[in-house]
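First the structure, in the form of structure tokens, and then the observations on it.
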Amino acid sequence: MGKPKTEKINHLNYPDDEGRIFCRLKNDIKIFEPMDCRNCPMCYGSIQGMGVECFYPDLISENNTLLALTVSDPEVQLKLITEMIDKGMIPADPL
């Protein structure tokens, strides 16, 4: 088995029940504010006002055919991304 592979993919970032999303630029959880996301260099678009599309590196399988990954639990995504940063799989600075 080879080294885990990371690749930039689109993340469909939906707010949780409390209106929070995972923000990769800040590597933190924040209240979803569409206007804040609009000027982000990782913003890949809007999900019809229901969330935001974010384009950044994430772990993928060898035979990945994903075009997008749905993120609906910001705490889980924060934990996953933080673990990948700590293991040196992705850079702390997403830009």
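For the sequence shown, position 52 (counting from the first letter as 1) is numbered 280 according to my numbering, and the numbering increases by one without interruption. Beta carbons are placed, not taken as given, at the ideal position from N, Cα and C, and that holds for glycine.
* **Reduced DSSP secondary structure (H/G/I, E/B, other) of C265** => Here C265 sits in helix by DSSP.
* Asked: Looking only at its own chain, which residues have a Cβ that is under 8 Å from the Cβ of P322, when we skip the five neighbours before and after it?
  -> Around P322, the same chain offers R252, L253, N255, M270, Y284 and P285 as residues with beta carbons nearer than 8 Å, after the five sequence neighbours per side are excluded.
* **Residues near K236 in its chain [Cβ-Cβ closer than 7 Å; skip 5 each side]** => Sequence-distant Cβ neighbours of K236 in its own chain, meaning closer than 7 Å and more than five residues away, are F283, Y284 and P285.
* Three-pair Cβ contact test at 8 Å for the region 299-313 versus the region 243-251 -> Look at the beta carbons and you see the region 299-313 touching the region 243-251: at least three pairs across the two are nearer than 8 Å.
* Note down, in chain order, each residue of its chain lying with its Cβ closer than 7 Å to the Cβ of I259, except the 5 sequence neighbours on either side. => Setting aside the 5 residues that flank it on each side, I259 is surrounded in the same chain by G247 and R248, each with a C-beta closer than 7 Å to its C-beta; the list follows chain order.
* Asked: Mind checking whether L287 and H239 have CB atoms under 8 Å apart?
  -> No, Cβ-Cβ distance for L287 and H239 is not below 8 Å.
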